[in-house]
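A short write-up of the structure that comes next.
Residue numbers (my numbering): 1310 to 1790.
This is the structure in structure tokens:
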């Protein structure tokens, strides 16, 4: 190992262990959030409640799921949700719009680590989340159904690297053999089919499989609006109310400090993803933020509006981009370019600055889809908007879900919970993870199933040193894997 490599490894390790702090106050404007839902965006009670049975920190899909399942299951529990910025202004309001499980990638990455049965458990849990959100959409009001655009689609992954495409074929064959329930789920396409049927000229082949898509900001803010209307006495949504500190009394009651005053609670749920270690110092290293770049682009007349039935991805030798399209207004939502960003992506790790663009990633996203489509076959014209968002990554690549151990919070008390660290795949994990947390708080004997590999514990955290993640990402960026 060279001294230069070791210096870079040490610097990255130190970066991943830093306190991420609170979300920055003036983030880039996400197109998903235009226009904001005025009834919830800056919602505050006239006076902050003094007490609440449960306080949820974070107003994304995880926090929404916990709140909704608590309120609809119990007829007495009180819930207060605290958000540092505007409601749903974090990852859920900044992502790619996919509701897409990736069984093949999950199988390839986790099988050597977890073994077959645990890997299958993770795969089927992510697929269950897709189905849960699609079913949820059917229960919404017609207005929210239309606005949120939750829908099933077929997702086309376009490969532009021969080796990556060949590897995909091997993985699909192995997964079909090891899990009969998934056999035939996707369809491998040759380059001619990708060109002739889907209009992408410069590919080595493709993979078509079922998925979902949505306008996530509208879905979650719409659900919050419904909860406020249905449970006006038991649910309080407090935007622009960052949590500054958490203390405990001798009786085990939590005192949550905010600029607007103190609120006392029996239970706390941390649904802050990439910022989770700010209030939980023992998580610095095991979980860390990573910045992603997104764009909204105007489709060409030739490309038209296909988002009612399709979403897309572009796979390289290493790295990928992800694409959805509004089924109604037609904007193409294109994100990724992580390894094309500063220092081949290393500059995005530990980075909470979603008030800035990732310039090199943005340059990549401005041209990649048209390049793969080919000259005369362009998919998009002008870029309409660009923004960044903060994801939560974990050292071992798996979410942290369950009762928060004291080794994480460094506080006394026995009523803190967490669901965070979704490694860029929140939309296919968070809804049922939130239900799981709600079930545990309510003392259910048969809580919503979550993979055992997600369970947070002191033992697991002890193995999640930041150096492990730093080495993996450094090797990945250098092409040493």
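In this text, a Cβ means the ideal position worked out from N, Cα and C, and glycines have one as well.
Take residue 1536, set aside five residues on each side of it, and the residues of its chain with a beta-carbon closer than 7 Å to its own are 1376, 1377, 1380 and 1544, in chain order. The beta carbon of residue 1690 is closer than 7 Å to those of 1607 and 1609 in its chain, skipping five residues each way along the sequence. Between the alpha carbons of residue 1583 and residue 1421 lies a gap of roughly 26 Å.
In the three-state DSSP reduction, residue 1402 falls in the helix class (H, G or I).
Residue 1339 sits close to residue 1402, with the two beta carbons spaced by under 8 Å.
In the DSSP annotation of this structure, the continuous segment of the alpha helix (DSSP H) that includes residue 1538 starts and ends at 1525 to 1539.
Per DSSP, reduced to three states, the secondary structure at residue 1563 is strand.
Residue pairing by DSSP places residue 1519 opposite 1463 in a beta bridge. Rounded to the nearest angstrom, the Cβ distance from residue 1780 to residue 1419 is 18 Å, too far for a contact under 8 Å.
Between the beta-carbon of residue 1641 and that of residue 1333 there is about 27 Å, and that puts the pair past the 8 Å contact cut. Taking the Cα of residue 1508 as reference, the smallest distance to any Cα among 1438, 1450, 1613 and 1428 is reached at 1613. Here residue 1775 is not near residue 1703, since their CB atoms are 8 Å or more apart. C-alpha of residue 1413 to C-alpha of residue 1570: approximately 48 Å in a straight line. Note on the stretch 1631 to 1656: there is no whole alpha helix (DSSP H) run with a minimum of 4 residues.
Under the three-pair Cβ rule at 8 Å, the stretch 1614 to 1630 does not count as touching the stretch 1556 to 1572.
Around the C-beta of residue 1590, fewer than 16 other C-beta atoms lie within 10 Å, and the residue is accordingly described as exposed. Residue 1673: not part of any beta strand (DSSP E); member of the alpha helix (DSSP H) spanning 1668 to 1682, first to last residue. With contacts defined as CB atoms closer than 8 Å, residue 1765 and residue 1719 fail to qualify as a contacting pair. Per DSSP, residue 1375 has no beta bridge partner at all. Annotated as proximal: residue 1523 and residue 1408, with beta-carbon spacing under 8 Å. For residue 1417, the uninterrupted alpha helix (DSSP H) run begins and ends at 1412 to 1423, by DSSP.
The shortest C-alpha to C-alpha distance from residue 1598 to any of 1326, 1783 and 1434 is the one to 1326. Under the three-pair Cβ rule at 8 Å, the stretch 1472 to 1488 counts as touching the stretch 1511 to 1527. In this chain, the beta strand (DSSP E) harbouring residue 1546 covers 1544 to 1547. Judged by DSSP secondary structure, residue 1498 falls outside any alpha helix (DSSP H) and instead within the beta strand (DSSP E) spanning 1496 to 1499. Between residue 1677 and residue 1630, the C-beta spacing is below 8 Å.
In this model, residue 1654 and residue 1572 are separated by some 39 Å (Cα to Cα). Residue burial annotation: residue 1455 is exposed, with fewer than 16 other C-beta atoms found within 10 angstroms of its C-beta. Cβ-Cβ distances below 7 Å link residue 1389 to 1358, 1361, 1364, 1545, 1547 and 1572 in the same chain, with the five nearest sequence neighbours on each side left out; the list follows chain order. Annotated three-state conformation of residue 1689 is strand, per DSSP.
Rounded to the nearest whole angstrom, the CA to CA distance from residue 1426 to residue 1741 is 20 Å. Shown here, residue 1457 sits in a helix according to DSSP, grouped into three states.
When DSSP states are grouped into helix, strand and coil, residue 1712 belongs to the strand group. The C-beta of residue 1556 has fewer than 16 other C-beta atoms within 10 Å across all chains shown, which makes the residue exposed.
Leaving aside the five residues that flank residue 1399 on each side, the residues in its chain whose CB is nearer than 6 Å to its CB run, in chain order, 1369. The Cβ atoms of residue 1341 and residue 1526 lie closer than 8 Å to each other.
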